[in-house]
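Each residue of the sequence shown is one higher than the one before, starting from 158 at the first, in the numbering used here.
Working notes for the structure below.
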Amino acid sequence: MGVVIINFKAYKEGFGLKGLELAKAVEDVANKVDDYIAIAPISLDLQRFVNELSIDVYSQHVDAVNFGSYTGRINAEMIKEVGAKGSLINHSERRLKLADIDFIVDKFKELELVSVVCTNNITTTAAAAALQPDYVAIEPPELIGSGIPVSKAEPEIVENSVKAAKDVYPEIKVLCGAGISKHEDYVTALDLGAEGVLLASGVVKAKDPKAALEELVGLR
Ligand code: G3P
């Protein structure tokens, strides 16, 4: 039993009405298991998904700004107000500067939002842990969307990231992501000391996303 966060990215299947259908399928599965299953949809869908779902909804990104003249930006206060549980921060597809990550993690503590800081290797995982977020999520960029699971292809990255992060900040929870799609990938991640997984294409792009998620959490 662990944590599963599904990032809808900017996939067509994850947006608007289709996205809501997908999110409801995720909710159905979440209601059948003890694992903590949450989603990170496209920002435009945050409010609606929060209103229509009982599972936790995360933003995919927030900007390191307060309110003000910041055209097109989304800040922590905004996602809090629409009811998001937290956000991915510094995803590989939306990198931030170290000072920005620090600003956002601090702001999240103040607003009681859950911070999930994404990293790309063991060194950056240790660096992110020094900022004391709730989670770090290690995702080697070359495996993202590849279908090759990080927990099987590069188990030492997961294991050593867990060690490095906990050495710096013992309370931290570590997720791993990239290429995760099967139950075996998930169980291996947990065996390596991760708290769970962050994934996208394995569920969002699956022919039958509900069946894919059921398989991932061991219901099939
Ligand atoms: O945020 C999760 C993501 O980057 C991993 O993508 O498609 O390899 O599960 P995917």
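By construction, the Cβ of each residue, glycine as well, lies at the ideal position given by its N, Cα and C atoms.
Which same chain residues end up closer than 6 angstroms to residue i when comparing Cβ atoms and leaving out the 5 residues on each side of it in sequence?
i: residue 204; result: 239
i: residue 190; result: 374
i: residue 173; result: none
i: residue 306; result: 336, 337, 342
Can you give me the Cβ contacts of residue i inside the same chain, cut-off strictly under 7 angstroms, excluding the 5 residues immediately before and after it?
i: residue 279; result: 314, 317, 318, 321
So residue i is in the alpha helix (DSSP H); what residue range does that whole segment cover?
i: residue 418; result: Because the chain is modelled from 158 through 377, residue 418 falls outside the range shown and cannot be assessed.
i: residue 358; result: 358 to 361
i: residue 279; result: 279 to 286
i: residue 180; result: 173 to 187
i: residue 256; result: 255 to 268
i: residue 298; result: Premise fails: residue 298 is in no alpha helix (DSSP H) and is neither H nor E.
Within a Cβ cutoff of 8 angstroms, which residues of the same chain sit near residue i, ignoring the five residues on either side of it in sequence?
i: residue 349; result: 308, 312, 315, 316, 319, 333
i: residue 208; result: 240
To which residues does DSSP link residue i through a beta bridge?
i: residue 274; result: 246, 293
i: residue 164; result: 197
i: residue 216; result: 244
i: residue 207; result: In DSSP, residue 207 forms no bridge with anything.
So, residue i versus residue j, is the Cβ gap smaller than 8 angstroms?
i: residue 273; j: residue 246; result: yes
i: residue 231; j: residue 195; result: no
i: residue 271; j: residue 291; result: yes
i: residue 282; j: residue 295; result: yes
Determine the extent of the beta strand (DSSP E) in which residue i is found, giving its start and end residues.
i: residue 195; result: 193 to 197
For the ligand SAM, is there a heavy atom less than 7 angstroms away from the beta-carbon of residue i?
i: residue 336; result: For the ligand SAM, the structure offers nothing, since it holds only the ligand G3P.
(request) Would you mind listing the alpha helix (DSSP H) stretches within the segment 303 to 344 that are 4+ residues and don't spill past its ends, in chain order? (result) 307 to 310, 312 to 325
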